[in-house]
Structures are given as C-alpha cells and as structure tokens.
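A quick write-up on the structure given underneath.
2 protein chains.
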Amino acid sequence: MTEFAFNKLVIFGVGLIGGSLARALRERAGLHGRIVGVGRSAQSVARALELGVIDVAAACDDAAALARALEGADVVLLAAPVAQTEPLLARIAPFLDARTIVTDAGSTKSDVVAAARSALGARVAQFVPGHPIAGRESSGVDAALPELYVDRNVVLCPLDENAPEAVERIAAMWRATGAAVHRMSESQHDRVFASVSHLPHVLSFALVEQILEAPDAQLKFSFAAGGFRDFTRIAASSPEMWRDVCIANRTALLAELDAYTDVLARFRAAIDASDGAALEAAFARSRVARQEWQERGGTRIPGDPAAK
Amino acid sequence: MTEFAFNKLVIFGVGLIGGSLARALRERAGLHGRIVGVGRSAQSVARALELGVIDVAAACDDAAALARALEGADVVLLAAPVAQTEPLLARIAPFLDARTIVTDAGSTKSDVVAAARSALGARVAQFVPGHPIAGRESSGVDAALPELYVDRNVVLCPLDENAPEAVERIAAMWRATGAAVHRMSESQHDRVFASVSHLPHVLSFALVEQILEAPDAQLKFSFAAGGFRDFTRIAASSPEMWRDVCIANRTALLAELDAYTDVLARFRAAIDASDGAALEAAFARSRVARQEWQERGGTRIPGDPAAK
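Just so you know, the sequences run in chain order A and B.
The C-terminal position of the first sequence is numbered 308 in full-length UniProt numbering, with every residue numbered one higher than the one before it.
The C-terminal position of the second sequence is numbered 308 in full-length UniProt numbering, with every residue numbered one higher than the one before it.
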C-alpha cells in the first residue's frame, strides 16, 4: 500500500463530499498540501475559504484563475452534480498538467466514463472514476466532517487506459480518509447502486406520491407511523439530484425496476389467493437476509478480501 | 371526558402491547385494579406474572380458570394475533358477564369485526374494536413499557350496536395511558393502514426478495448503505404477523398496491423517456409532503380536533 501525500489538491464543488475530503486529509491524515476549491463563481466557494476547509478559492468561469488553480495539481476531484461532468472536464482539459490525476465522486459511473471519454479524448487515461459511498441528511460545506469517510466504502472503476500507479494513488487518497477502497467495472457499479440505492429512492418517492393522489391523503398522513417514517426518509432527498441519477443510470435502473415489479406481481397474486405459506416464506427469507446484513455491520465489510 | 377506573382487567396475550397497557395503567395512571393475564397455557404468561405486570395468570384452555378470570371483569383486551380473534371470542363468550366490555388491539379491523359478529352474535354490542398505533422492534412482555402509548394514536372503530358509554370507557382507558383516541369506521381504518403501514411493509419485503434473487445478490448487499437500511428496516418484521395482516386486510391492501403500481408505471415511463421535468416535479412534491409530515411531528397530531 502506498502512503498518500500531495502538494496541491483541487476540488471542484466544495460541499459535503468535497469539503469532507479536504477536512479528512488535513485534520485526520495530517497532510499539509495546498487545497484549492473551485466553484461556479468565487462566491460559491467563499464559505469554504472562510471555514478554512480550503486555502484558495477560484471561479470556474475565470480562465486565468482556472489555469492557476490547476497548475501543478497532483489530484483534481470533481464533486459537482454528475450532469456537469462533461462541461467541467471540457473546461479543465486545456489547463490539465500531464502528471495530474483527475477523479470524481459521482453516484453513477457509466455516464461519467462516457462524459470523460468525450471531454478528454486520449487524456482519459488521467481520469480515474470513483464513488465514495457516504452522505448525511444535511448538505453544503458547513455539513462537511473530517470523519465522514471513516469505515465507509469507496468504489473505484479503473479504465483500461489508467496507469496502475494513478489508480493506486487515488485509492491511497481515500484510504487516508479512513475508507475501504473497492474496485469494480462501471457497469457492475451501476447495477449494484441501481439496486440498493437508486431503486429504493424511486420506490420511496412513489409511495408518498401515491398517498398524495388519494382523496383521503391527509387522513392517511395523520396516521402514518414508524414504518412509514423509515420507508420514506429518503423521499426527503434532493429532487434535482435524484432526477439526474435516474436519467444518468436509466438502463440499469429500469432493469432493476422491472425485476422489482415482477416480484411485486408475485406478492400480489399470493395476497389475492390468500396464499399465506408463499407470503410467509418470502417474508421470512427477507427478514433473515436483512438481519444478516445488519449483523455484518450494514455498509461496513471488515476483513472483506475485496477491500484493497 | 370520563376518568377511567377498573376493578378487574383481563388481557389475552400479555406481550409488548398487552403488557404495556397493564404497566401504563398501573405505573403511569396509578390505577389499582386487579389485572389478569390469560395465555394459551399458564406457562406463557408466567413471565408476565414474574415481572409483576399482571396479578394473576390463567390458561385459556382451562375452562374453570377462564370462567374465574372473566368473572366480574370490567374490560377484556384481546392482544393476541388477529387470526385468533374468532376462536378466542368463541372461547370467551360462554363466560362473558353482560357488563364486561371487550376490545382488541388488532392492526386490521374489518376482519376483526366480522370475527366478533360471528363469535358473539347479538352480544357483539359488548365488543368495541380498537387499534393502538404503537410498537417497538423488540416484542414480548420483557419489552413492555409504561410509556409506550404516550403521545401515540389509538383508533377505535365503534359498531352501531355499541352503547356510547362502552365506547367512551375504552377511549378513557387508552387516554389514561397517554394516547390520543380517534374514531373512524373499520373500512376507513383498513384503507388508511393498508396505505401507510401494510403496503410499505410489502414493498420493503419485496425489495429484499428481489435482491436475493439476483445472481450478484451478495455484491449488492455489500454496498447497501443508509438508504437501503432505512427502506428495509421493516423487512425485519415478523413474517407470521405480516402474512396474517396481508390476508386479513387483503381487499384494501390490493387496492393500494394497484394504485402504487400505477404510480410506479408512470415513474418508469418518465425514466425511460428521460423526462427530467416530470421526475423532478413528482420527487419535489413527495419531498415537500414528507417534510411537512415530519414537521407536524410525524405520528403525533397535537391539537388535532379529531382527537377525543
């Protein structure tokens, strides 16, 4: 394993994810490199500067400032909405040093890889796609925490073009935050997260939507209790972000949604037929799997041989 | 409002729900009536006796003990699985004093009312259907708490045959535990809970089932995080109980499931068409409704004029 060190790190979008990386590297790993935050405007990163999360604030729309920001950068992290990946990379490309490694934090990967190939051409070799699996209910740089990534998973989806040292350097950066780093292909990544993250969000939004459409919606909400609360917690998530995720990961998400609809149709038939044995067997399987998942520590997979 | 008092309360099934009522009336409301716990066998209520939650333990299958238990009872609460309502009431009927009021704690009501009419005939006037909306992840009398019902809702579904005083007495009993009491018809009750409780359980079980059926199930579970955790918490619920609820509330549940499937089909079409505007509008409506629900205090409806 390589130790991570850097002279200059550039973060595009210093919110919860980018800000927590900066704080983790500085406060948790004790690293002293220079951290530059880039926003759509200098104002949008002013708060990060004020909080001391970054050393320098730059505006993306100022070519000279952008050139200075990127000069001599070891690592660039894109932590802006996924839909901005291609325009951002196109904006960065002219100023990108040959030795700089670019990575991202987007929650979908096939679309990000396509955007990177389109914007960077042959220099896509400098781009290592990544996805830290971490979040909080609050967002923005004020919510950033140095320990956000401790014991969390980060997935890297290395490209054939990437030099192994480039991938290892990004892996070392995330390990320095306390995360476990895993590698998989971008299509595998997108299938996995369509299933365990994107689909549940769609299902949760759909339940609230369905109740809203009912003539007795207010009565129903009045008696919603703990089960509803947990099931719909993710329906309070950002509409813009989840709109983008659904579209960016459309193919994998539709496949999972169709498989889910099939299971639901089987459950419907069992309920309609009062087939208690079939319902109990399915519910019992789910309960055991959910309990085993919980007992393994949920998201944490200590000693997982896939963690590098 | 009537104050509640009792000389003798008989609880069939002294687990979390029945045990918490006993503890609330004694420890929270300071009432000193005699509390009799009845189980399938005397042994099944021995723990409740040992903990001091009840004063006397009786076995349901011992006719003489059952007769003694029911003699002079003010209130009888059925807190056994819903499917046992009819056999239990049939067993109780021969020993039921004319002045005793029977109520229940079942999470479905149309089936319970049908069972009560069948088992009690004209004496169904003595039966006031009820549903306390409270629970914990743990079950059994060891999990019973005197404050389980504080600020929670209890729904009563009075029958045309019930004397108003009988309904009011059961309402007063639940108010003494700290709960807010609401009244609605059994069909209204079953629609409301099919929507906000039974359907989410089915949807949550179905997600875990769908992942289990995938060839890469273990990989998917490995990367399941916070969204999955909240969404599937209720998939760890009792398979037997939810099997019974699904069948008991079949008609209302299927109606909600079909309405949900329609919403899901619309979401599918929007994702397939990359219709970001439609997705964002729906997600935003859900988010606002979910946040408003949370801000109103979730399950608590302080000052709700429907609370009596």
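In this text, a Cβ means the ideal position worked out from N, Cα and C, and glycines have one as well.
Would you mind reading off the limits of the alpha helix (DSSP H) that contains residue i?
{"i": "Thr251/B", "result": "Arg250 to Asp272"}
{"i": "His189/B", "result": "Glu186 to Phe193"}
{"i": "Gly276/B", "result": "Gly276 to Glu295"}
{"i": "Arg152/B", "result": "Here Arg152/B belongs to no alpha helix (DSSP H), and DSSP marks it neither H nor E."}
{"i": "His198/A", "result": "Taken as a continuous stretch (DSSP letters only), His198/A belongs to no alpha helix (DSSP H), as it is neither H nor E."}
{"i": "Val45/A", "result": "Looking at the DSSP string, Val45/A is not in any alpha helix (DSSP H), and its letter there is neither H nor E."}
{"i": "Val167/B", "result": "Pro164 to Arg175"}
{"i": "Arg68/A", "result": "Ala63 to Leu70"}
{"i": "Ala217/A", "result": "Ala217 to Ser222"}
{"i": "Ala90/A", "result": "Thr85 to Ile92"}
{"i": "Ala22/A", "result": "Leu16 to Arg23"}
What residues of chain B sit near residue i, judged by a beta carbon separation below 7 Å?
{"i": "Pro239/A", "result": "Glu280, Phe283, Ala284 and Arg287"}
{"i": "Ala259/A", "result": "Gln210"}
{"i": "Phe221/A", "result": "Trp293"}
If you count every other CB in all the chains shown that lies within 10 Å of the CB of residue i, and 16 or more means buried, which is it?
{"i": "Gln210/B", "result": "buried"}
{"i": "Arg99/A", "result": "exposed"}
{"i": "Asp304/B", "result": "Note on Asp304/B: pLDDT 39, under 50, position unreliable in the model; the coordinate value appears next. Result: exposed."}
{"i": "Phe12/A", "result": "buried"}
{"i": "Arg152/A", "result": "buried"}
{"i": "Gly135/B", "result": "buried"}
{"i": "Ser107/B", "result": "buried"}
{"i": "residue 315/A", "result": "Absent from the model: residue 315/A. The displayed extent of chain A is 1 to 308, so no value can be given."}
{"i": "Gln291/A", "result": "exposed"}
{"i": "Gly15/B", "result": "buried"}
{"i": "Pro18/A", "result": "It should be pointed out that residue 18/A corresponds to Gly in this sequence rather than to Pro. Result: buried."}
{"i": "Pro302/A", "result": "Residue placement at Pro302/A cannot be trusted, given a pLDDT of 35 that sits under 50; what the coordinates show is reported in the next sentence. Its Cβ having fewer than 16 others within 10 Å, Pro302/A is exposed."}
{"i": "Glu3/B", "result": "exposed"}
{"i": "Asn7/B", "result": "exposed"}
{"i": "Asp61/B", "result": "exposed"}
{"i": "Ser222/A", "result": "buried"}
{"i": "Gln43/A", "result": "exposed"}
{"i": "Ala306/A", "result": "Low confidence applies here, because Ala306/A scores a pLDDT of 38, under 50, leaving its location unreliable; read the following figure in that light. With fewer than 16 Cβ atoms within 10 Å of its Cβ, Ala306/A is classed as exposed."}
{"i": "Glu295/B", "result": "exposed"}
{"i": "Ala24/B", "result": "buried"}
Between residue i and residue j, which are expected to be in contact by the criterion C-beta below 8 Å, what is the C-beta distance as a whole number of angstroms?
{"i": "Leu49/A", "j": "Gly37/A", "result": "7 Å"}
{"i": "residue 310/B", "j": "Val141/B", "result": "Nothing can be reported for residue 310/B, as the shown portion of chain B is limited to 1 through 308."}
{"i": "Tyr260/A", "j": "Leu199/A", "result": "6 Å"}
{"i": "Arg233/A", "j": "Asp230/B", "result": "5 Å"}
{"i": "Ile170/A", "j": "Gly121/A", "result": "Not quite, the Cβ-Cβ distance comes to about 20 Å (not below 8 Å), so this is no contact."}
{"i": "Phe228/A", "j": "Ser197/B", "result": "7 Å"}
{"i": "Arg91/A", "j": "Leu66/A", "result": "7 Å"}
{"i": "Leu212/B", "j": "Ala194/A", "result": "With 8 Å as the limit, Leu212/B and Ala194/A do not qualify as a contact, their Cβ atoms being about 16 Å apart."}
{"i": "Val45/B", "j": "Gly39/B", "result": "4 Å"}
{"i": "Val124/B", "j": "Leu159/B", "result": "6 Å"}
{"i": "Pro239/B", "j": "Ala278/A", "result": "Not a contact, Cβ separation roughly 11 Å."}
{"i": "Val10/A", "j": "Ala69/A", "result": "6 Å"}
{"i": "Ala115/A", "j": "Glu161/A", "result": "That pair is no contact at about 15 Å."}
Determine the chain A residues that contact residue i at a beta-carbon separation under 7 Å, and present them in chain order.
{"i": "Pro200/B", "result": "Leu207, Gly227, Phe228 and Phe231"}
{"i": "Trp242/B", "result": "Phe283"}
{"i": "Arg183/B", "result": "In chain order: nothing, as chain A lies at least about 12 Å away."}
{"i": "Leu253/B", "result": "Ile271"}
Taking residue i as the query, report the chain A residues whose CB atoms sit under 8 Å from its CB, ordered along the chain.
{"i": "Gln291/B", "result": "Ala236"}
{"i": "Phe12/B", "result": "Those within 8 Å of Phe12/B in chain A number zero; the least Cβ separation is about 22 Å."}
{"i": "Asp216/B", "result": "Gln188, Arg191 and Val192"}
{"i": "Ile133/B", "result": "Phe223 and Ala225"}
Anything in chain A within Cβ reach of residue i, meaning under 9 Å, just list it in chain order.
{"i": "Cys246/B", "result": "Phe267, Ala270, Ile271, Ser274, Gly276, Leu279 and Phe283"}
{"i": "Asn153/B", "result": "Ser222, Phe223 and Ala225"}
Return the first residue and the last residue of the beta strand (DSSP E) that residue i is part of.
{"i": "His131/A", "result": "Gly130 to Ile133"}
{"i": "Phe12/A", "result": "Lys8 to Phe12"}
{"i": "Asp104/A", "result": "Ile101 to Asp104"}
{"i": "Ala112/B", "result": "The sequence given here has Val at residue 112/B, not Ala. Not the beta strand (DSSP E): Val112/B falls in the alpha helix (DSSP H), residues Ser110 to Leu120."}
{"i": "Leu77/B", "result": "Val75 to Leu78"}
{"i": "Ala180/A", "result": "Ala180 to Arg183"}
{"i": "Ile35/A", "result": "Arg34 to Gly39"}
{"i": "Ala29/A", "result": "Counting along the chain, Ala29/A falls outside any beta strand (DSSP E), and DSSP gives it neither H nor E."}
{"i": "Ala57/B", "result": "Val56 to Ala59"}
Can you name the residues of chain B whose CB is closer than 9 Å to the CB of residue i?
{"i": "Leu264/A", "result": "Val202, Leu203, Ala206, Gln210, Leu257, Tyr260, Thr261 and Leu264"}
{"i": "Asn7/A", "result": "The premise fails here: Asn7/A is roughly 33 Å from chain B at the closest Cβ pair, so nothing lies under 9 Å."}
Which residues in chain B sit within 8 Å of residue i, going by Cβ to Cβ distance?
{"i": "Arg250/A", "result": "Ile271, Asp272 and Ser274"}
{"i": "Val196/A", "result": "Ile211, Lys220, Phe221, Phe223, Ala224, Ala225, Gly227 and Phe228"}
For the 8 Å Cβ check, are there 3 or more pairs between the segment 245–256 of chain B and the segment 218–226 of chain B?
In the pairwise beta carbon analysis, the segment 245–256 of chain B is classified as not touching the segment 218–226 of chain B: fewer than three pairs are separated by under 8 Å.
Does the segment 256–275 of chain B touch the segment 172–180 of chain A, meaning 3 or more C-beta pairs lie closer than 8 Å?
Contact between the segment 172–180 of chain A and the segment 256–275 of chain B is absent: fewer than three C-beta pairs spanning the two stretches fall below 8 Å.
Contact between the segment 177–196 of chain B and the segment 150–165 of chain B is defined here as three or more beta-carbon pairs at a separation below 8 Å; is this criterion met?
Result yes; three or more Cβ-Cβ pairs closer than 8 Å.
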